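In our numbering, the protein residues as written are 141 to 375. Accompanying notes for the structure given below.
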């Protein structure tokens, strides 16, 4: 089985990045998850057939990529000039021609990425995604460090990862996972998600006692939760 990132050029000239997953299966299948298109095909399924398969289902692909991007707060293609939301503020992805590499940096409403003449689109995707994950780890770690001291609630382990259906999870064994894409929201939203999961260490439900504990440490939780739900997302 082979699985890797690639892209194709559509009939209208646009480049569409996707994850190609070859394996033992009888037919080709499309899936959209966390803003990325995955194309699962049988072994031996040629490049031309893959392109035709995507083109034939392009309306479905674009509809679901658009919905996924809206829910995550992240763009679909990470193109130069595309807008991204981080810490609740818009940033424009900006390719900067440079002979010397520098790490992506946010400045004056732009997320600047160093590129050279032969930099590929996949390079841009990797650079932006790496920046987002690093920022998420930094912000969530800082939030958890501060809020565990505030609440006196300490998980056994904290993991920042890609969660497909929630902003956070708390296991019965006391481990907490936070979705790295919460970094698209403000620091207040990040605090709310962290408090929400920390409170599950005491109440493994959504009872009145649970929400009372959340409100003790995050009085504005209703507004914060409401704005995330308005985006089509659940905590």
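Where a beta carbon is used, it is the ideal one built from N, C-alpha and C, also for glycine. Only a predicted model underlies this, so the values are computations on that prediction, with no experimental measurement involved.
Indicate the three-state DSSP secondary structure (helix, strand or coil) for residue i in the structure shown.
i: residue 161; result: strand
i: residue 291; result: helix
i: residue 138; result: Because residue 138 is not part of the residues shown, which for the chain are 141 to 375, the question remains open.
i: residue 197; result: coil
i: residue 144; result: strand
i: residue 170; result: strand
i: residue 250; result: strand
i: residue 149; result: strand
i: residue 296; result: coil
i: residue 245; result: strand
i: residue 205; result: helix
i: residue 358; result: coil
Can you have a look at residue i and say buried or exposed, based on whether 16 or more other CB atoms are within 10 angstroms of its CB?
i: residue 348; result: exposed
i: residue 366; result: exposed
i: residue 341; result: buried
i: residue 359; result: exposed
i: residue 218; result: buried
i: residue 279; result: buried
i: residue 286; result: exposed
i: residue 196; result: exposed
Compare the C-alpha of residue i against each of the options and name the closest.
i: residue 158; options: 201, 366, 284 and 301; result: 201
i: residue 310; options: 298, 266 and 245; result: 298
i: residue 238; options: 248, 259 and 225; result: 259
i: residue 316; options: 324, 327, 268 and 300; result: 300
i: residue 291; options: 225, 353 and 344; result: 353
i: residue 302; options: 153, 181, 147 and 272; result: 272
i: residue 182; options: 176, 192, 168 and 189; result: 168
i: residue 267; options: 257, 225, 251 and 312; result: 251
i: residue 322; options: 346, 275, 288 and 289; result: 275
i: residue 247; options: 234, 198 and 145; result: 234
i: residue 199; options: 177, 369, 222 and 350; result: 177
Would you say residue i and residue j are within 7 Å of each other, going by their C-beta atoms?
i: residue 160; j: residue 179; result: yes
i: residue 364; j: residue 336; result: no
i: residue 333; j: residue 308; result: yes
i: residue 231; j: residue 293; result: no
i: residue 249; j: residue 326; result: no
i: residue 244; j: residue 255; result: no
When DSSP builds the beta bridges, which residues end up paired with residue i?
i: residue 154; result: Residue 154 is not bridged to any residue.
i: residue 180; result: 161 and 169
i: residue 234; result: 252
i: residue 317; result: 299 and 309
i: residue 225; result: 230
Closer than 6 Å: is that where the CB of residue i sits relative to any heavy atom of the ligand FAD?
i: residue 360; result: Absent from the structure shown: the ligand FAD. Ligands present: none.
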